[in-house]
Amino acid sequence: MITRIVSKNFDIKNSHTLKVAKENGAYKSIDEAFTQPPYRVETEIENSGLRGKGGGGAPAGAKWCLVSSDESRSYLVVNADESEPGTFKDRQILEFDPHLLIEGIILTCYAIGAHEAYIYIRGEYKFFTDRLNEAIAEAYKDGILGEKVKGFDYQLDITVHRGAGAYICGEKSALIESLEGNRGHPRLKPQKPSPEYYFGKPTLVNNVETIATVPFIINNGADAYRAHGTPKSPGTLLFGMSGHINNPGIYEMAFGQSMQEFIDTIGGGVKNGKKLKAVIPGGASTPVLTAEEVKEARLDYESMRDIGSALGTGGMIIMDEDTCMVSALKNLLSFYHHESCGQCTPCREGTAWVDGIIANILNKNAKKDDLELLSDISKTMNGKTICVFAPAVAMVIDGFILRFREEFETYIEKSLGEAHV
Amino acid sequence: MSFVFNEVHEKQFQALLPRYPHLKALVLPCLWMVQYQEGYISADAMAYIAHRLDVPQAHLYGVATFYTMFNLEPIAKYHIQVCKTLSCELCGKSAIIEAIEDELGIKVNESTELFKLTEVECLGACGGAPMLAMNEEYHEHLSPEKTRALLQRLSQ
């Protein structure tokens with residue numbers, strides 16, 4: 053089931069050093085790409101069908117086009133603010149193959165005409181920040197970065213910028229705000245497709261894994277990438293497993309494979325021989341799936357959408373038969389309550405309310421209509437805020453209540469029963 | 003203002019200047035440098051940074067209070083941050099908290115002379131659940147025994 057494109061060097065000893073990276077083909081793609089006009093790189097990416105790997109799955113090529121078509125000074129920002137619960141894939145690239153990311157950044161910058169790139173990394177990833185900085189220093193020393201990229205007449209600087217603990221900064225416009233030295237408040241989105249703007253200049257924001265996939269496509273061609281996955285979800289993704297699973301970890305696979313098979317074979321099955329109860333398929337913000345749904349689920353964007361969930365980041369949280377779904381939802385709602393940036397009222401107040409209501413249900417202090425109230429608040433939160441944080445919370449609530457309604461009702465009945473005594 | 007960057011941080015500051023198109027972009031890097039230098043971010047240091055970056059002090063205060071990793075008060079030498087989000091909870095976070103509380107004789111959000119214990123949201127190490135961050139160092143695949151051993155080692 054495993055296909056190694058981004059993760060090809062992960063198991064090699066000292067793969068993070070420039071010497072070993074070069075032995076394994078790092079920076080080769082630049083020689084060819086830089087002798088061709090920039091649009092060739094972009095065309096190749098467009099043809100490959102590469103989709104953003106940070107969770108949204110938007111076509112990367114179209115996003116690049118928005119920036120490259122603008123003549124003014126532009127920037128590339130790499131989103132390494134990996135904070136979605138259940139997701140821990142980008143750190144593997146930073147730890148084991150930072151030079152692959154740097155190579156991807158060089159190619160991307162060349163394609164969109166940027167001479168400055170920032171890597172925005174979450175503050176808690178200190179070890180990975182140091183790793184990345186060491187790799188960048190090596191690349192500067194070797195003439196791969198700086199005044200002349202590998203001797204070509206192209207200047208490029210990469211700066212690592214540390215966040216300081218805010219989930220919302222993974223949202224691309226909040227990330228830009230943070231990079232400008234502000235609180236991480238998302239910006240209103242324009243009606244038509246448009247790039248981000250860093251200090252008013254067009255800026256491309258892409259996830260670490262997306263950029264790290266670029267060298268493979270440039271080296272091997274769009275068709276080689278399309279050879280993996282499905283026609284609409286081509287290529288691979290670093291899928292993750294955590295929670296009640298025997299072999300938690302990150303595994304690169306082509307899109308379109310069976311989730312059940314992934315859990316049973318590579319994952320080694322549910323921990324302690326227990327039965328599967330539910331899976332959150334791609335980071336906390338994707339609707340939960342029941343064990344029945346998992347049997348049919350295929351790991352690509354379209355299939356997951358068709359069964360009422362989303363592929364997200366591909367970071368699955370596995371839950372066994374003993375898991376209390378009310379507690380699980382409470383855990384996630386506390387997370388969202390804590391992480392709401394507070395800019396929009398429906399989100400700031402809504403996350404607090406739903407967190408409080410679910411706490412009441414859990415503490416057997418519920419009221420009869422609490423499930424309806426939850427659904428009602430979730431409706432109020434959905435589609436009425438600046439960013440997709442609140443709609444994601446709404447999807448999480450609806451997903452849990454839709455699929456595990458009985459369990460919630462049992463809890464509520466218990467509270468009501470005890471209240472009468 | 004009594005706070006000034008020490009030599010190392012002044013050098014870092016000068017190196018970062020040409021990397022950004024606008025002074026204000028240096029707010030986060032500067033706050034980090036202050037925290038490394040003093041252990042926390044004092045009002046005095048904020049005034050200094052505001053002056054260096056030509057932004058209002060209120061802006062800096064707003065930013066510093068938005069991000070959870072900035073300490074606005076002095077903090078114990080070791081900050082134990084136990085991840086409490088779903089994967090870690092499923093894998094036994096509560097037992098880790100209990101072990102720490104028992105070993106140090108404190109509850110969550112309390113401090114001893116050496117340690118402060120807090121619960122934090124997802125640290126992006128779900129495959130290594132349960133886990134904690136001791137200051138800036140991740141400790142993954144924990145058990146209560148491993149956690150106790152870690153605390154004992156640091157206490158010596």
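Chains Y and L are the protein sequences, given in the same order. For the first sequence, this note's numbering gives the first residue as 53, with consecutive numbering after it. For the second sequence, this note's numbering gives the first residue as 3, with consecutive numbering after it. Even glycine gets a Cβ: it sits at the ideal position worked out from N, Cα and C. Keep in mind that this is a model prediction, so the values were computed, not measured.
Proximal chain Y residues relative to residue i, where beta-carbon distance stays under 7 Å
i, result
"Pro23/L", "Phe251"
"Gly129/L", "Phe140, Gly292, Ser294, Pro300, Gly301 and Ile302"
"Leu152/L", "Residues of chain Y passing the Cβ test: none, with the nearest at roughly 16 Å."
"Ala27/L", "Leu231, Glu232 and Gly233"
N-terminal and C-terminal residue of the alpha helix (DSSP H) that residue i is part of
i, result
"Ile332/Y", "Here Ile332/Y belongs to no alpha helix (DSSP H); instead the beta strand (DSSP E) covers Leu328 to Ile332."
"Gly64/L", "Gln59 to Phe68"
"Tyr388/Y", "Met377 to Glu391"
"Gly301/Y", "First-last for Gly301/Y: Gly301 to Ala306, but that is the beta strand (DSSP E), not the alpha helix (DSSP H)."
"Gly113/Y", "Ala112 to Ser120"
"Asp374/Y", "Note, Asp374/Y: premise wrong, no alpha helix (DSSP H); not H, not E."
Residue-chain proximity (residue i, chain Y), Cβ-Cβ < 8 Å
i, result
"Met159/L", "Residue numbering for chain L in the displayed model covers 3 to 158; residue 159/L lies beyond these limits and cannot be assessed."
"Met136/L", "no"
"Glu91/L", "yes"
"Ala78/L", "no"
"Leu144/L", "no"
"Glu87/L", "Position check: residue 87/L holds Thr in this sequence, whereas Glu was assumed. Yes, contact with chain Y."
"Ala52/L", "no"
"Gly64/L", "yes"
"Phe15/L", "no"
Interface residues of chain L facing residue i [CB-CB closer than 9 Å]
i, result
"Glu134/Y", "Gly126"
Close Cβ partners of residue i (< 6 Å) along its chain, the five nearest in sequence each way excluded
i, result
"Phe291/Y", "Tyr303, Met305 and Gly366"
"Ala97/L", "Pro146"
"Leu328/Y", "Val322 and Ala343"
Below-8 Å beta-carbon distance, residue i vs any chain L residue
i, result
"Thr375/Y", "yes"
"His68/Y", "no"
"Glu98/Y", "no"
"Tyr383/Y", "The sequence given here places Asn at residue 383/Y; Tyr does not occur at that position. For Asn383/Y, the answer is yes, since a Cβ of chain L falls inside 8 Å of its Cβ."
"Thr397/Y", "no"
"Arg214/Y", "yes"
"Ile54/Y", "no"
"Ala380/Y", "yes"
"Val473/Y", "With a pLDDT of 49 at Val473/Y, under the threshold of 50, the modelled position of this residue cannot be trusted; read the value that follows with caution. No, its Cβ sits nowhere closer than 8 Å to a Cβ of chain L."
Residue i to residue j span [Cα, whole Å]
i, j, result
"Arg155/L", "Lys347/Y", "46 Å"
"Asp149/Y", "Gly101/Y", "23 Å"
"Ile99/L", "Ala78/L", "18 Å"
"Asp209/Y", "Leu227/Y", "19 Å"
"Leu33/L", "Met3/L", "16 Å"
"Thr87/L", "Asn185/Y", "29 Å"
"Glu147/Y", "Leu468/Y", "52 Å"
"Thr120/L", "Cys85/L", "9 Å"
"Gly106/Y", "Gly222/Y", "9 Å"
"Val10/L", "Ile369/Y", "43 Å"
"Gly165/Y", "Gly129/L", "37 Å"
"Gly273/Y", "Lys65/Y", "28 Å"
Segment limits, beta strand (DSSP E) that includes residue i
i, result
"Pro254/Y", "Lys253 to Asn259"
"Ser294/Y", "Thr288 to Gly295"
"Asn73/L", "Here Asn73/L belongs to no beta strand (DSSP E), and DSSP marks it neither H nor E."
"Leu116/L", "Segment: none, Leu116/L is in no beta strand (DSSP E) and carries neither H nor E."
Chain L contact residues for residue i, given Cβ-Cβ distances below 7 Å
i, result
"Leu468/Y", "The premise fails here: Leu468/Y is roughly 27 Å from chain L at the closest Cβ pair, so nothing lies under 7 Å."
"Arg174/Y", "Gly126"
"Thr211/Y", "Arg21"
"Met371/Y", "Leu92"
Contacting residues, own chain, Cβ-Cβ under 7 Å from residue i (five flanking each side not counted)
i, result
"Ser310/Y", "Arg350"
"Lys323/Y", "His296, Ile297, Asn298 and Asp372"
"Phe460/Y", "Val378, Ile413, Leu423 and Ile453"
Residues that residue i contacts on chain L, provided the C-beta gap is smaller than 8 Å
i, result
"Ser230/Y", "Leu30"
"Tyr177/Y", "Gly126"
Under 9 Å by beta carbon: chain Y residues contacting residue i
i, result
"Glu123/L", "Ser135, Pro137, Gly217, Tyr219, Ser386, Phe387, His390 and Glu391"
Residue-chain proximity (residue i, chain B), Cβ-Cβ < 8 Å
i, result
"Met71/L", "Of the chains in the structure shown, none is chain B; the protein chains are Y and L."
Close beta carbons around residue i, own chain, < 8 Å, minus the five adjacent residues each side
i, result
"Ile57/Y", "Thr265, Phe268, Tyr277, His280, Gly287, Thr288 and Glu304"
"Ile410/Y", "Val378, Leu381, Lys382, Leu385 and Leu426"
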